[in-house]
Amino acid sequence: CYTCAISLTQAMAEGSLLALAELPASRSASRAFAAEIDNAEHSPAGVKPERHSHRIPAFQYCALGIWGLLLLLQYWVIRQVCKLGFPADCHDDRDIVRVMNDFQQLLFMGCMLAVLTGMTWRDRFYYIFNFRFPKPRGVAFLALFVLSGVG
């Protein structure tokens, strides 16, 4: 079992065969041992995770949702500018299949970009979307983001 292999590796690394005698004998004991190791490795000191807790913070999903809304806002702005005839090669008469294809490509690639650039991390998200003085980066970012598709 996986837990036994971890324990065996640890015992070999420590050079102690006494740890082998402490290996769990049954499958239920093995699961309890695995949970004990897992809790020790992934929980902060003194904090026990709940039995059905989720390790990914909800903030990451909110950040991806906000990012997706920004992508759709940019798509809408580009469609409105296209109705005005800018750029000259823009075609506003699009069927629903092409629009759905645009949404699929935009949201897939945009969310991959958000994950790869760390936009889902709380610190980076707050750094980019800072609207407070003396360094309101959020205004500049939103302006550049929305207007980057025009042209």
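The numbering of the sequence shown is the working numbering, which starts it at 114 and goes up by one. Glycine residues also receive a C-beta, built at the ideal position from the N, C-alpha and C atoms. Every value quoted in this text rests on a predicted model; they were computed, and no experiment measured them.
Continuous alpha helix (DSSP H) stretch holding residue i: start and end
i, result
"G231", "Counting along the chain, G231 falls outside any alpha helix (DSSP H), and DSSP gives it neither H nor E."
"G251", "250-260"
"V190", "171-196"
Nearest candidate by alpha-carbon position, reference residue i, set the options
i, options, result
"G178", "C224, G198, L219", "C224"
"P170", "W234, L260, F244, K248", "W234"
"C175", "F238, R207, Q187, M213", "F238"
"W180", "T230, D215, V212", "T230"
Alpha-carbon to alpha-carbon, residue j and residue i
i, j, result
"K248", "F254", "12 Å"
"Q217", "W189", "15 Å"
"F221", "G198", "28 Å"
"M232", "I191", "23 Å"
"L184", "F258", "9 Å"
"C195", "R168", "43 Å"
"L182", "D202", "26 Å"
"Q270", "R250", "Residue 270 lies beyond the stretch modelled for the chain, which goes from 114 to 264, so this question has no answer here."
"H204", "V212", "12 Å"
"I209", "Y240", "37 Å"
"A227", "R207", "28 Å"
"D236", "F242", "10 Å"
"L260", "N214", "22 Å"
Where residue i sits in the DSSP three-state scheme
i, result
"R237", "helix"
"D202", "coil"
"N214", "helix"
"F81", "The chain is shown from 114 up to 264; residue 81 falls before or after that span and cannot be answered."
Beta-carbon separation (whole angstroms), residue i vs residue j, contact threshold 8 Å
i, j, result
"Q187", "G262", "6 Å"
"V252", "F246", "So it is not a contact: roughly 10 Å between Cβ atoms."
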